[in-house]
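In this text, residue positions in the sequence shown follow this note's numbering: the first is 66, and each later residue adds one.
By construction, the Cβ of each residue, glycine as well, lies at the ideal position given by its N, Cα and C atoms.
Just so you know, these numbers come straight off a predicted model, no measurement behind them.
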Amino acid sequence: MAKRKAKIKVEKAEAAERVKKIYPILAKAYPKVTTALRFGNPLELLIATILSAQCTDARVNMVTPDLFKKYPSVKEWANAELSEIENDIRSTGFFRNKAVSIKGACQAIVKQHDGAVPDSMDELVKLPGVGRKTANCVLGNAFGQPAIMCDTHVIRLSRRLGLSANSHDAVKLEFDLAEIIPKKKWTVFSHVLILHGRNVCRARKPDCENCQISRYCPSANRPDLW
Ligand code: SF4
């Protein structure tokens, strides 16, 4: 039987203090933060974000230039045959579900939003195939609104850093983080956590020896907590 991981006790006030300590260090370490997905407008980011599920950003960036040429606006996506979209996005994996989401979301945008991607959480999550994670990515990166993006890195680092007791549930985690991170820093804090997760606090082998925030991390050099 798999050994159960030890757990960090999370106190909200302590977690908020930890955010205050680690944010300036991470902001300095990663001064240029933005999504790695390439896009030119909110629709392109919406499509790229849907494609990025279970796929690397690098792979998505390889396929999107041709896709955005072939489908320059929401109408082309909405009117395309599902099988053709499937074929065009096949290399990103889970292409059947993704094609249904993209076509469905674009049809709804044409019908209900005059062809413009909506800029609110309430409206975005009503689009077929769009959850809070995708919506936050679009709001934070394409519309410049405060948004917490609970991707795999944010989930893992929030657990290791003891920022939330709910890191197993992305939606609860998002609400926990919203309480301990100043709102105007939501988007940038998500980005620095993502970059730190990619560069230092990696899933299998976190580099605690060279981690700039190790003195504030309850999981530093504690494999039982990774
Ligand atoms: S000290 Fe280790 S576990 Fe903590 S954030 Fe740094 S790399 Fe991750």
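Can you give, in chain order, each stretch of the beta strand (DSSP E) that sits fully within the region 116-176 and has at least 3 residues? Qualifying beta strand (DSSP E) stretches: none in this window.
Please report how far the alpha carbon of residue 196 lies from the alpha carbon of residue 102, in whole angstroms. The sequence position of residue 196 within the sequence shown is 131, counting from 1. The sequence position of residue 102 within the sequence shown is 37, counting from 1. Their Cα atoms are separated by approximately 18 Å.
According to the neighbour-count rule (16 or more other Cβ atoms, all chains shown, within 10 Å of its Cβ), is residue 109 buried or exposed? Within the sequence shown, numbered from 1, the residue matching residue 109 stands at position 44. Looking at its Cβ environment, which holds 16 or more other Cβ atoms inside 10 Å, residue 109 is buried.
Can the beta-carbon of residue 99 be found less than 8 Å from the beta-carbon of residue 201? Here residue 99 is taken as the residue at index 34 of the sequence shown, counted from 1. Here residue 201 is taken as the residue at index 136 of the sequence shown, counted from 1. Cβ atoms of residue 99 and residue 201: not closer than 8 Å.
So the alpha helix (DSSP H) residue 254 belongs to, where does it begin and stop? Against the sequence shown, residue 254 aligns to sequence position 189. Looking at the DSSP string, the run of the alpha helix (DSSP H) that includes residue 254 is 251-264.
Are residue 163 and residue 115 closer than 8 Å when you measure CB to CB? Within the sequence shown, the letter at position 98 stands for residue 163. Within the sequence shown, the letter at position 50 stands for residue 115. Taking 8 Å as the Cβ cut-off, residue 163 and residue 115 qualify as a contacting pair.
Under the three-state reduction of DSSP, which class applies to residue 178: helix, strand or coil? Taking the sequence shown and counting its residues from 1, the one referred to as residue 178 is at position 113. Three-state DSSP puts residue 178 in a helix.
Anyone know if the C-beta pair for residue 135 and residue 175 falls short of 8 Å? For the purposes of this step, residue 135 is taken as residue 70 along the sequence shown, with counting starting at 1. For the purposes of this step, residue 175 is taken as residue 110 along the sequence shown, with counting starting at 1. Going by C-beta atoms, residue 135 is not nearer than 8 Å to residue 175.
Residue 161 burial status per 10 Å Cβ neighbour count (16 or more: buried): Residue numbering aside, residue 161 sits at position 96 when the sequence shown is read from its first letter. With fewer than 16 other Cβ atoms within 10 Å, it is exposed.
For residue 258 and residue 218, which I take to be in contact (beta-carbon distance under 8 Å), what is that distance rounded to the nearest angstrom? Locating residue 258 in the sequence shown gives position 193, counting from the first residue. Locating residue 218 in the sequence shown gives position 153, counting from the first residue. The beta carbons of residue 258 and residue 218 sit about 6 Å from each other, so the pair counts as a contact at 8 Å.
Alpha carbons only, please: which of 130, 247 and 264 is nearest the one belonging to residue 82? Mapped onto the sequence shown, residue 82 falls at position 17. Of the candidates 130, 247 and 264, the one whose C-alpha sits nearest the C-alpha of residue 82 is 247.
Excluding the 5 residues flanking residue 126 on each side, which residues of the same chain have their C-beta closer than 7 Å to its C-beta? As a first step, residue 126 is located in the sequence shown; it is residue number 61 there, counting from the start. For residue 126, where only same-chain residues beyond five positions count, the Cβ hits under 7 Å are 102 and 103.
Of all the options 88, 121, 180 and 275, which has the alpha carbon lying nearest to the alpha carbon of residue 144? As a working note, residue 144 is residue 79 in the sequence shown. Selected option, being the one with the closest Cα: 180.
Is residue 271 near the ligand SF4, in the sense that its beta carbon is under 7 Å from a heavy atom of that ligand? Looking up residue 271 in the sequence shown gives position 206. Yes; taking the cut-off as 7 Å, the Cβ of residue 271 has a heavy atom of the ligand SF4 nearer than that.
Proximity winner among 255, 281 and 226, relative to residue 239 (alpha-carbon distances): Reading the sequence shown from its first residue, position 174 is the one you call residue 239. A check of alpha carbon separations from residue 239 across 255, 281 and 226 identifies 255 as the nearest.
Pick helix, strand or coil for residue 214, following the three-state DSSP scheme. Indexing the sequence shown from 1 puts residue 214 at position 149. In the three-state scheme derived from DSSP, where H, G and I count as helix and E and B as strand, residue 214 is classed as coil.
Quick check: the Cα distance between residue 249 and residue 213, rounded to an integer number of angstroms? Locating residue 249 in the sequence shown gives position 184, counting from the first residue. Locating residue 213 in the sequence shown gives position 148, counting from the first residue. Straight-line Cα distance between these residues: approximately 10 Å.
Span separating the alpha-carbon of residue 337 from that of residue 280: Past the boundaries of the shown model lies residue 337; the chain is included only from 66 to 291, so the question cannot be answered.
From 262, 235 and 286, residue whose alpha carbon lies closest to that of residue 91: For the purposes of this step, residue 91 is taken as residue 26 along the sequence shown, with counting starting at 1. Nearest Cα to residue 91 within the set 262, 235 and 286: 262.
Indicate the three-state DSSP secondary structure (helix, strand or coil) for residue 228 in the structure shown. By one-based count along the sequence shown, residue 228 stands at place 163. Note: residue 228 maps to coil in three-state DSSP.
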